[in-house]
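Only one structure is covered here, and it is reproduced in the block below.
Protein chains: 2
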Amino acid sequence: MGKDLLRLDGQLCFAMYAACRAMDALYRRELAALGLTYPQYLVMLELWSRAADAGPNGEAAATVKQLGRALRLDSGTLSPLLKRLEAAGLVRRERDRHDERSVRVALTGQGHALRARAERVPARAHAASGLDAAEAEHLRRMLGRVTASLDLAVADADATTPAGPAA
Amino acid sequence: MGKDLLRLDGQLCFAMYAACRAMDALYRRELAALGLTYPQYLVMLELWSRAADAGPNGEAAATVKQLGRALRLDSGTLSPLLKRLEAAGLVRRERDRHDERSVRVALTGQGHALRARAERVPARAHAASGLDAAEAEHLRRMLGRVTASLDLAVADADATTPAGPAA
DNA sequence: CCCAATTCGGTTGTGCACAATCAAACGGTG
DNA sequence: CACCGTTTGATTGTGCACAACCGAATTGGG
Numbered sequence: 001m002g003k004d005l006l007r008l009d010g011q012l013c014f015a016m017y018a019a020c021r022a023m024d025a026l027y028r029r030e031l032a033a034l035g036l037t038y039p040q041y042l043v044m045l046e047l048w049s050r051a052a053d054a055g056p057n058g059e060a061a062a063t064v065k066q067l068g069r070a071l072r073l074d075s076g077t078l079s080p081l082l083k084r085l086e087a088a089g090l091v092r093r094e095r096d097r098h099d100e101r102s103v104r105v106a107l108t109g110q111g112h113a114l115r116a117r118a119e120r121v122p123a124r125a126h127a128a129s130g131l132d133a134a135e136a137e138h139l140r141r142m143l144g145r146v147t148a149s150l151d152l153a154v155a156d157a158d159a160t161t162p163a164g165p166a167a
Numbered sequence: 001m002g003k004d005l006l007r008l009d010g011q012l013c014f015a016m017y018a019a020c021r022a023m024d025a026l027y028r029r030e031l032a033a034l035g036l037t038y039p040q041y042l043v044m045l046e047l048w049s050r051a052a053d054a055g056p057n058g059e060a061a062a063t064v065k066q067l068g069r070a071l072r073l074d075s076g077t078l079s080p081l082l083k084r085l086e087a088a089g090l091v092r093r094e095r096d097r098h099d100e101r102s103v104r105v106a107l108t109g110q111g112h113a114l115r116a117r118a119e120r121v122p123a124r125a126h127a128a129s130g131l132d133a134a135e136a137e138h139l140r141r142m143l144g145r146v147t148a149s150l151d152l153a154v155a156d157a158d159a160t161t162p163a164g165p166a167a
């Protein structure tokens, strides 16, 4: 009894975990030519989106805080990642003049230029997934629901036990 | 043009990535009481399954290679992880007598005992996901299909370009 | 028997990811 | 103006995850 409850292959969490690593392996291949890791690619994606929104003359800059909210990553992860992107010449980082605590991240010319080569990546990834457009969208929505639900559960637990009693 | 193609929020890969991290955050909470990280929990899950299959007298041992296949992890990840589990007193590691290259990993008494407390974790995680049983199973199957498809795509690419030309 | 290739586990180096902690800067209050 | 609490980014420490490489042991061919 309980023999099947703890079975590895039947668990949703393991299916998600394995899918994530398979996806990471694929993107590792696709992004190697661009010199980007997957989280770096996500940061560039967000900056390219902002540049498109800002129009041809816009600045396409974001604070580390804003990037963290969009990507759901904290500064401890983003700070070294952004330094590597800066070292690669893809972004500039400079303190905000009006608020010296904030660091504004902006695309360089090279960063803008890389976008053209990155355009093809989503299509190749989509093809590798083996899903049609409707299935992919369905899966995306399901994952979005699960993420929201899990975030809520963790937030509730945090509210109940601010620092770690584990009854 | 192309403005939406690279949009962060519309990408399946990002939905998966975010869902994985949300799941990890939840399990971090649930497993903290057991003194396990999520990948460590997966290893224990596999060993508990093998113990159940082996019956009351079985040895419930697996080589690092076998664990790697079940969890889709390589030895470079598993070796230090298993050392930490050994340091925690949950597993023993010893060379196979017949093949000195292999290391066999077996549960200790403490490792077996932990199972009772771990039984509750999947139910709590399932509740937090906000899905009913049918939805969870559906999602699990979809992720399995995607994983298989992605694995195939990466393997094909490996076969075509054994070591990294990026044309 | 000896050599070459293969199969193992381990080690090293890079890069996320997060918790905990810190210092700087800002904002409001007295 | 001086003080306090908050916000923000950085730093530190732990733990995955994988690629690349290493050395030992096994296996197969000559």
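Residue numbers (UniProt numbering), protein chains in the order written: chain D, 1 to 167; chain P, 1 to 167. We put the CB at the ideal spot given by N, CA and C, even for glycine.
Can you find a C-beta in chain P that's less than 8 angstroms from the C-beta of residue i?
i        : result
D/Arg69  : no
D/Arg45  : It is worth fixing the name first, because residue 45 of chain D is Leu in this sequence and not Arg. Chain P, which has a Cβ nearer than 8 angstroms to the Cβ of D/Leu45, makes this yes.
D/Pro122 : yes
D/Leu143 : yes
D/Gln110 : no
D/Leu90  : no
D/Gln11  : yes
D/Val154 : yes
D/Ser79  : no
D/Arg97  : no
D/Ala15  : yes
D/Ala19  : yes
D/Ala22  : yes
D/Gly35  : no
D/Ala54  : no
D/Leu131 : yes
D/Leu26  : yes
D/Ala62  : no
D/Ala125 : yes
Starting from residue i, trace the alpha helix (DSSP H) in both directions and tell me its first and last residue.
i       : result
P/Glu46 : 38-54
D/Arg28 : 12-32
P/Arg84 : 75-87
Between the alpha carbons of residue i and residue j, how many angstroms are there, rounded?
i        : j        : result
D/Leu81  : D/Leu114 : 17 angstroms
P/Ala128 : D/Glu46  : 29 angstroms
P/Asp88  : P/Gly76  : Per the sequence presented here, residue 88 of chain P reads as Ala, with Asp not at that position. The alpha-carbon atoms of P/Ala88 and P/Gly76 are separated by roughly 19 angstroms.
D/Arg145 : P/Ala136 : 12 angstroms
P/Arg141 : D/Ala148 : 21 angstroms
D/Glu30  : P/Pro39  : 26 angstroms
D/Tyr27  : D/Gly55  : 29 angstroms
D/Arg7   : P/Arg120 : 13 angstroms
D/Leu42  : D/Arg95  : 22 angstroms
P/Asp151 : D/Ala33  : 20 angstroms
D/Ala155 : D/His112 : 37 angstroms
P/Leu78  : D/Ala52  : 43 angstroms
D/Gly164 : P/Arg117 : Any answer about D/Gly164 is weak, because its pLDDT of 36 lies below 50 and its placement is not dependable; what the coordinates show is given next. Roughly 17 angstroms separates the two Cα atoms.
D/Arg104 : P/Asp74  : 39 angstroms
P/Asp99  : P/Arg50  : 21 angstroms
D/Met23  : P/Cys13  : 7 angstroms
P/Gln110 : P/Tyr17  : 34 angstroms
D/Lys65  : D/Trp48  : 17 angstroms
P/Ala15  : D/Ala133 : 15 angstroms
P/Leu36  : D/Arg97  : 45 angstroms
D/Leu67  : D/Pro122 : 20 angstroms
Taking residue i as part of the beta strand (DSSP E), name the residues at either end of that continuous run.
i       : result
P/Ala62 : 61-63
P/Arg97 : P/Arg97 -> no beta strand (DSSP E), and no H or E assigned at all.
Is residue i close to chain D, meaning its C-beta is less than 8 angstroms from at least one C-beta of that chain?
i        : result
P/Asp151 : yes
P/Ser102 : no
P/Thr147 : yes
P/Gln40  : no
P/Pro162 : Since pLDDT at P/Pro162 reaches only 48, below the 50 mark, its modelled position is unreliable, and the value read off the structure follows with that caveat. No, its Cβ sits nowhere closer than 8 angstroms to a Cβ of chain D.
P/Glu119 : yes
P/Ser75  : no
P/Arg72  : yes
P/Ala8   : The sequence given here places Leu at residue 8 of chain P; Ala does not occur at that position. Yes, because at least one Cβ of chain D sits closer than 8 angstroms to the Cβ of P/Leu8.
P/Leu82  : no
P/Leu139 : yes
P/Gly2   : Low confidence applies to P/Gly2: its pLDDT is 46, below 50, so where it sits in the model is not reliable, and the reading given next is rough at best. For P/Gly2, the answer is yes, since a Cβ of chain D falls inside 8 angstroms of its Cβ.
P/Arg29  : yes
P/Ala134 : no
Whole-angstrom Cβ separation of residue i and residue j, contact assumed at under 8 angstroms?
i        : j        : result
P/Ala60  : P/Leu107 : 5 angstroms
P/Leu143 : D/Ala19  : 4 angstroms
P/Arg72  : D/Arg21  : 7 angstroms
What are the uninterrupted segments assigned as beta strand (DSSP E) that are 3 or more residues long and contained completely in the region 101-147 of chain P, given in chain order?
Correct list: 103-107.
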